[in-house]
Each structure stands twice: as C-alpha cells, then as structure tokens.
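The listed protein sequences correspond, in order, to chains A and B. Each residue of the first sequence is one higher than the one before, counting from 0 in numbering that gives the first Met the number 0. Each residue of the second sequence is one higher than the one before, counting from 0 in numbering that gives the first Met the number 0. Positions of the beta carbon are idealized from the N, C-alpha and C atoms, including for glycine.
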Amino acid sequence: MKVDLKEVEEACKELYIRALKLLPPDIKQGFARLDESETDATGKSILGTMIRNIKVAEDTNNLLCQDTGIPIYNVTIGSGIEVDGSRLKQAIVTGCERATREHPLRSSVVHPMTRKNEHTSCGRLVPVINFDFTDRPEVLSIEMIPKGSGSENNSWLKMAIPADGIDAIKTFVVDCILEAGGKTCPPTIVGVGVGGTADLCVHLSKVAATRALGSKCDDPEGAALEAELSAVVNQLGVGAQGLGGDSTSFAVHVETAATHITMNPVAVNMQCHSARRARATFTPNGITYGF
Amino acid sequence: MAHYELNTPVTEEQVRKLRIDDTVTLNQTLYGIRDATLIHMFDRGRTTRFDLNGHAVIHTAPNVRIVDKSAAFPTGYAPLCVGTTTSARMERFTQPLMKQYGVRIVIGKGGLFAASQAAFKDLGGVYLAIIGGAAALETTWIEQIEDVDFDDLNPESLWKFRVRDFGPLLVAMDSHGGNLYTQVNDAALDKRAAALAALGVKREA
Chain A
0 MKVDLKEVEE ACKELYIRAL KLLPPDIKQG FARLDESETD ATGKSILGTM
50 IRNIKVAEDT NNLLCQDTGI PIYNVTIGSG IEVDGSRLKQ AIVTGCERAT
100 REHPLRSSVV HPMTRKNEHT SCGRLVPVIN FDFTDRPEVL SIEMIPKGSG
150 SENNSWLKMA IPADGIDAIK TFVVDCILEA GGKTCPPTIV GVGVGGTADL
200 CVHLSKVAAT RALGSKCDDP EGAALEAELS AVVNQLGVGA QGLGGDSTSF
250 AVHVETAATH ITMNPVAVNM QCHSARRARA TFTPNGITYG F
Chain B
0 MAHYELNTPV TEEQVRKLRI DDTVTLNQTL YGIRDATLIH MFDRGRTTRF
50 DLNGHAVIHT APNVRIVDKS AAFPTGYAPL CVGTTTSARM ERFTQPLMKQ
100 YGVRIVIGKG GLFAASQAAF KDLGGVYLAI IGGAAALETT WIEQIEDVDF
150 DDLNPESLWK FRVRDFGPLL VAMDSHGGNL YTQVNDAALD KRAAALAALG
200 VKREA
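Spelled out as structure tokens, the structure:
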C-alpha cells in the first residue's frame, strides 16, 4: 500500500486538534469509576468539575485543557507499507505546524536556551516522533499525544542496583507519587519503566503513562507489578488535585525491558487527568480516526 | 466553611477574613501571569503599566485567536481556551508580587510553598485553588481580554481579563498559616509505611 503524504499531513493536523478536544472513552470510564468510589467531599466535588469540563469541551468544541503540551507522534508502519521515511517525518511536522497556526493553538514549545517561541508547536527534535513496525501488512497507524507540562515536569529516574531488588522499584513509585502531590494534576496515570538502559527506562515510563486504561503490560511480571501498585496507591490519600481523597491515580502502568546484570533502573512519568490521545489508522479502505 | 463573592480589587481586611476550606467566586478583573512574565518582571527589571494593587493574579497562558480590534476585542485577541498552570514554578515570585505590586490573591493549581505561605501571612494574601485541566469550563467564566502588557512574550504576556462568576475557587492557603496542601501531604506521608507494607516491601533502598 502506498501512502499519500498529503493525507498524512492533513491527518497529523487533525489528530492534534482532536486529541486536545476529545477525551478517550477509557479515560471517561476511569473518571466514572473514581467518582463512584470517592469518599472525600472535596475529592468528589473536584471530580465532578473535571467530568463537567469534559462535557463543556465537547459542547463548546473547545480544548479540554489550555496546555497544548509537547506534541508526540507515535507511528507504526505495517510490513506492506511503501513510504519514504524522510518525507513522512516532514509531513508529520507540517501537519503539527498547520494545526497550531490554522486552529489556532497556543504554541507551548520554545528553544531550551533562548526560550524563543516560533508559534508552530515545533522546534529542534519536536514534535517527538517515534517509529515502530508491525507485521500487519497494510496498516499505517499514527497516534498523537499532547503531553502536558504539569505532569511531565514531574519525571524521575533512579538507577537502583540489583541488591535493592523489586522493593526499590515499589518504594520509588510510592515516593514519586508523594513528591508529586497535586503538581501533576491528579488523578494521574502513573507510568513506570523497569529495566533497559537509562534512556530506554524513561521512554518506557512514558509509554506506560500514555497507554489506554484497561490495557495490560504484555510481560506477565510487569502486569503483576502494575496490578499490585494500582491496588495500593490510592490509599495514600493525595487525591484529586493533591487536595485529599481516594482519587490519586486512575491506574499504575508498568512497561519492562531486559537490563544489565549490574543494573535495576526504574523511571516514573505521569499522565495528568487530561489523558489525551488520538489515533489515525490508514488502510486500503481509507483513514479512520479513533483513540 | 463560608462562601464569598468578591469584586476585585479587594482590601487586606477582605482577604484576611478568608480561611482554608472557604470558597470564593470572583468578579471584575483578573490578571494572567506565568513563568516568562514573572522572570521578565523580577529578574530583568521590566515594569508593567497595570496597577495590580489589591488584585488577583492567575497562573495561566491562554490560547487566543488574533482578530480585528473592536469594542468586544480591544486588544485584538479573542480568548479561545483559558486554563491554569502548575503554581509550584512560580513560588519565588509570590512575595515580590505582593510586596512591590500589592497583589492580594494568587490563583493556581497544585499549591505553593513556605515562602508564599509566609508572604500571605505577613502581607495579607491568599491562594485560591482552581481545578487544573478544567480549562473549557474556566473559559466560560472569562468575559473578555481587556488589555495586555508584555505582548512580545505571547502567550506568556501579562493578560488583563474581565471575569464573571469566576469560580467557585477553594481557599487552599490563607493568611493565618492554614494550608490544605501541607495537611494532605503530611497525612499522605503518614500512610507511606502502610502502603509499602501492603506492597510487601521488606527493605527500603
């Protein structure tokens, strides 16, 4: 299947705007679950306002949150897709720039030292574009994630050692949640990377934080750890917005990678309650939009 | 727990009445500030032509659309989506905002720390928590962008909004040392050991 890069550009523009306006159904269900079990009056009231905001955004065709984030595009290329990778990258960048100028959106992206904002949501190595491949032949999938800074500013890496074992991982996750408090805009999805190199570990924590609620780590060890952590973290009482209650997190997600015999790295990245993402899937039948 | 409807600017007496867990709804003027605004004001010596005395500031940077200037859009900016950013990064600017400019109310999310708490106590100020991430709703409380200073810093300009029924906002830090965040954080730290035990942690690294 040959991919029309003009269509990719258009889709990448559309995806940024869709992601900012429509919260995925799994996150809405996550809100409903937390709202049902919340026992704290302040927590209940805060969740009610957040749920109302989702409806207002839909009714007024507005952005859920003013933070347009750092744009991330996750591209998965099927084995039967014919595409010039370099031009594909350019199409994604152009789509991202056009969304920012044409909607318009607040460009939240600046040069890290001059702090100059080009008002395109783009800059050196931004948008972040990740490529992966699948043996499904005729599918090109592009997932867009606007990653807000409130949650991203609270990211951690610890190069623990093998002698510290899994206890080090569990303790670190709990301490990160306590340190984050209300700064990450809870309820959050707590993403945990376990293993790999330092950079891979941090990347995995981001993959974990941005996965759909209800999805599971495909490593059984990781799946068991995320279930265990998910069952405990809401007992800490940090609560929605860090103002107390039972709704600290929707879930803890874990992603794992093999690591070195001398290493035991753990990273934590969080996704705020505006856990936004959108997906476009290109097949021979055309483009479909979803989450 | 009382509810207050306040028109800005406010007096020290009005602010000192507020206690944590009270709620406040604001009307009239609200100023938008954040990282670059404050860095330019306090580290680079820029001064604003706005009179912030007795006023409320919110940690924000809005999404705006450039439009023709008119009575409805005096700045040539229409508000598209106005929300709130994490306050923690603005901690060191609370005291100078209050001392040099007379600001009385800081609105944000996630809370501020000890230096701000001391400024609220010494100078008469308060921190009002808004629900972060609920920007579509917050935008419906903004009537107009009345004016803008430091326009070159867009979107981190100093914005002057006219607001109506802005809230309810929760008094999370007051001028008497009350602080909902430290209450919650202290209680959460007390639950840390139980959480680690529930996770079967035997030896902390």
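One thing to note: A/V253 has its Cβ within 9 Å of the Cβ of A/V193. Below 8 Å, too few C-beta pairs join the region 96-104 of chain B and the region 69-80 of chain B to call them touching: fewer than three. In the three-state reduction of the DSSP assignment, A/D174 falls in the helix class, which pools H, G and I. Annotation: A/D3 to A/I80 spans about 11 Å, alpha carbon to alpha carbon.
Here A/F130 is exposed: its Cβ has fewer than 16 other Cβ atoms, across all protein chains shown, within 10 Å. Annotated three-state conformation of A/A266 is strand, per DSSP.
Comparing alpha carbon positions, the residue from A/D163, A/G77, A/I91 and A/G289 closest to A/G122 is A/I91.
Look at A/G241: its C-beta is under 9 Å from a C-beta on chain B. Listed in chain order, the beta strand (DSSP E) runs fully inside the region 20-84 of chain B are 22-32, 55-58, 62-65 and 76-80, counting runs of at least 3 residues. Counting along the chain, no beta strand (DSSP E) covers A/P185, and no H or E run does either. Listed in chain order, the non-local C-beta contacts of A/I286 below 8 Å within the same chain comprise E6, A10, A279 and T280, local neighbours out to five positions each way being set aside. A Cβ of chain B is located within less than 9 Å of the beta carbon of A/S273. Nearest to B/I144 by alpha-carbon distance, out of B/A60, B/A35 and B/V23, is B/A60. Nearest to A/A230 by alpha-carbon distance, out of A/G42, A/I160, A/R100 and A/T247, is A/T247. Taking the C-beta atoms as reference points, B/K108 is found nearer than 9 Å to A/G149. If you check each beta-carbon in the region 62-95 of chain B against every beta-carbon of chain A, the ones closer than 8 Å belong to N62, V63, R64, I65, L79, C80, V81, G82, T83, T84, T85, A87 and R88. Not a single C-beta of chain A is nearer than 9 Å to the C-beta of B/L17.
By the beta-carbon neighbour count (other beta carbons within 10 angstroms, threshold 16), A/A208 is buried. Taking 9 Å as the cut-off, the beta carbon of B/G132 is found no closer than this to the beta carbon of A/S214. Judged by DSSP in its simplified three-state form, B/Q143 adopts strand.
By the C-beta density criterion, A/P136 is exposed, having fewer than 16 other C-beta atoms within 10 angstroms. Look at A/H118: its C-beta is under 9 Å from a C-beta on chain B. Closest in C-alpha terms to B/N153, from the list A/I160, A/K115 and A/A56, comes A/K115. For the beta strand (DSSP E) assignment, the uninterrupted runs of no fewer than 3 residues enclosed by the region 65-93 of chain A are, from N- to C-terminal side, 69-77. Sequence-distant partners of B/S174 (beyond 5 residues in either direction) whose C-beta falls short of 7 Å from its own C-beta, in its chain, are V14, R15, F119, K120, G123, G124 and V125. In this structure, DSSP gives B/M97 a helical state, which the three-state scheme calls helix.
Burial check for A/G289: the Cβ neighbour count within 10 Å stays below 16, so the residue is exposed. The C-beta of B/Y180 comes closer than 9 Å to at least one C-beta of chain A. Chain A has no Cβ within less than 9 Å of the Cβ of B/L157. For the pair A/P70 and A/D217, the Cα-to-Cα distance works out to about 26 Å. At the C-beta level, B/L179 and A/E227 stay beyond 9 Å of one another. For a cut-off of 8 Å, the C-beta gap from A/L63 to A/I50 is around 12 Å, too long to register as a contact.
Beta-bridge partners of A/A159 (DSSP): A/N263. Identification of chain A residues near B/A113 by a Cβ-Cβ cut-off of 9 Å yields none; the smallest Cβ-Cβ distance measures about 14 Å. In terms of beta-carbon proximity, B/I130 lines the interface with chain A, with at least one pair separated by less than 9 Å. Look at B/V183: its C-beta is under 9 Å from a C-beta on chain A.
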